Structures are given as structure tokens and as C-alpha cells.
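If you use this note's numbering, the sequence shown corresponds to residues 1 to 146, in order.
Okay, so here's the structure we're looking at.
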Amino acid sequence: MKFSATPQEQLEIVATGAADIVSRDELLKKFEKSYTTGTPLIIKFGADPSAPDIHLGHTVVIQKLRQFQALGHQVVFLIGDFTGRIGDPTGKKKTRPALTEDEVMANAETYKNQIGKILDLDKIRIVFNSDWLGKMTFADVLKLCG
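See the structure below:
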């Protein structure tokens, strides 16, 4: 893949409007490796579809994803359908009740429609965390927690 922007230009585009970047040098090295090898970076973003609409807090991240996508990188949108069904397990937050699979999938569909107004869905990979979490046994969960 041929990128239209140099690694330094990519860093400046992505860093614009960001309050902080964990490590500019590390990100620049990733852009340089991607540029040299022609292999796009894989940028992942996840959201639990616990409500029917993406909230305002997601918009900044989605705009950044759009920048990465415009630069030729691969965006992966992780939908937390499995975790979204659990809600708030502590019971303290009534704003995150447990949802049925149908409710979660309906919310996930609106999420896809909403991000599709900003991102090119034909160039995005959408994955569901139930693909791997749904296969876990209780023993697997205990091993993970231990």
C-alpha cells in the first residue's frame, strides 16, 4: 500500500486536537514502519451497545478513526455485545441495566448506522466480543481472573 502522507505528516494530522498522546515517538515509529512496509496500522475502538445511540464522548474518537482511515489505515470497530448484555454487575448504576440479546443487537445496529455517517463502513472491520467471550467456560473465566 502506498500512503499519501509521510509518517511525520500522519503524526501531525492525528495529533491535531489531541490533548495528549501516550508517546509521540512510539506512534511516529509505528507510522514509519507502516510507511516503509506498506502495511496499514490496525486501529481498534470498542463500545458496549448499552444504549440505542452512540454518546457525545465517542465522537472525538470516531473523528480520529476517520483520520486514520483517510490516511489508509485499517479501523476495527469492536462491538461489546456480550458485555453489553451484562449491564452494571454491581447494581449501582441504573443507567446500565442488563439487556436482552435482541436489545443489544438493535443498539449495535444503530451504532453501525451512526458511525457509518463518519466512517467508510466498506473499509472497516466490525467484530463482536461474543465471538470469543461467548465460548468461554466458567473455568476459563476463573483462570482469567486468577
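Even glycine gets a Cβ: it sits at the ideal position worked out from N, Cα and C.
Small disclaimer: the values here were computed from a predicted structure and weren't measured.
With respect to P49, N129 sits apart: the two C-beta atoms are not nearer than 8 Å.
With fewer than 16 other beta carbons inside 10 angstroms of its own, F138 counts as exposed. As a beta-bridge residue in DSSP terms, A47 pairs with I79. Annotated as proximal: V104 and G84, with beta-carbon spacing under 8 Å. For V22, no beta strand (DSSP E) run applies, since DSSP gives it neither H nor E.
DSSP, read as helix, strand or coil, puts I124 in strand. Counting along the chain, M105 sits inside the alpha helix (DSSP H) bounded by residues 101-115. Between the segment 58-71 and the segment 109-129 there are three or more inter-stretch CB-CB distances shorter than 8 Å, so the stretches are counted as touching. Spanning the alpha carbons of A5 and L27 requires a straight line of approximately 15 Å. In the displayed model, I42 falls within a strand according to three-state DSSP. Bounds of the alpha helix (DSSP H) holding L11 are 7-15. With respect to the C-alpha of N113, the residue from I79, E101, P97 having the closest C-alpha is I79.
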